[in-house]
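Visitor: UniProt numbering applies: residue 1 is where the sequence shown begins, and numbers increase by one. A virtual CB, placed ideally from N, CA and C, is assigned to each residue, including glycine. Given the structure is predicted, the values throughout are model-derived calculations rather than measurements. Sharing a structure, written as structure tokens. Questions coming.
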Amino acid sequence: MGDERQLHEAACHCGTVRFRVRLADEFKTIRRCTCSYCRMRGAIAVSAALSDVEFVAGEDNLTLYQFNTRTARHYFCKTCGIYTHHQRRSNPSLFGINVACIEGISPFDFPEVTVMDGVSHPSDTGSTSRIAGTLRFEPST
1 MGDERQLHEA ACHCGTVRFR VRLADEFKTI RRCTCSYCRM RGAIAVSAAL
51 SDVEFVAGED NLTLYQFNTR TARHYFCKTC GIYTHHQRRS NPSLFGINVA
101 CIEGISPFDF PEVTVMDGVS HPSDTGSTSR IAGTLRFEPS T
């Protein structure tokens with residue numbers, strides 16, 4: 001029996017890095033994070049298993065950024081600088097995929113996005129992941 005989940009096309013801004021992804025639970029895992037890095041990056045991400053991401057082009061054009069515990073691995077296109085994905089610190093068997101890189105999807109398509117408490121990360125506190133709040137987007141009329 002095949003995998004019935006939708007295969008999404010994704011790319012960085014300049015199109016050098018292109019990949020296909022099957023999301024863990026479509027867009028139900030959409031979230032932001034309050035850690036110092038994510039707060040500055042501002043991206044909205046969804047989850048995918050490492051094995052559910054296939055690079056079509058430009059994987060060699062990705063650059064890696066790590067900080068603090070160096071567990072999370074944040075990837076960017078060397079050409080246009082767009083964050084495409086990261087290997088999660090909270091669950092290294094998952095990638096966080098930048099929603100804005102998925103073809104036909106905009107972060108503004110989601111009126112509510114869960115915000116995770118990355119400042120009090122479970123790996124630092126020994127607790128479970130906590131929700132810090134909800135980001136609400138109200139389009140102008």
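#1: Counting only the same chain and skipping the five closest in sequence on each side, list residues whose C-beta sits under 6 angstroms from that of A100.
#2: So, under 8 angstroms CB-CB, M116 and C14 are touching, yes? Tell me the CB distance rounded to an integer number of Å.
#3: Would you kindly work out how many angstroms separate the C-alpha atoms of I30 and R22, rounded to a whole number?
#4: Which of helix, strand or coil does DSSP assign to E59?
#5: In the DSSP output, which residue or residues are listed as bridge partners for V46?
#6: Just the Cα atoms here: how many angstroms apart are residue 164 and T69?
#7: With distances taken from CA atoms, which of E112, D60, S51 is nearest S93?
#8: Just curious, the beta strand (DSSP E) that H74 is in, first and last residue?
#9: Inspect the beta-carbon positions of V56 and F19 and report whether they are closer than 8 angstroms.
#10: If we ignore side chains and look at the alpha-carbon of each, how far apart do D67 and P111 end up?
Guide: Per the coordinate set shown:
#1: P107
#2: Not really, about 29 angstroms apart at Cβ, beyond 8 angstroms.
#3: Going from the Cα of I30 to the Cα of R22 covers about 14 angstroms.
#4: It is helical.
#5: DSSP, once it has assigned bridges, lists I97 as partnering V46.
#6: As shown, the chain starts at 1 and ends at 141. That puts residue 164 outside it, with no answer to give.
#7: S51
#8: 73-77
#9: yes
#10: Per the sequence shown, residue 67 should be read as Phe rather than Asp. Taking the straight line from one Cα to the other gives about 31 angstroms.
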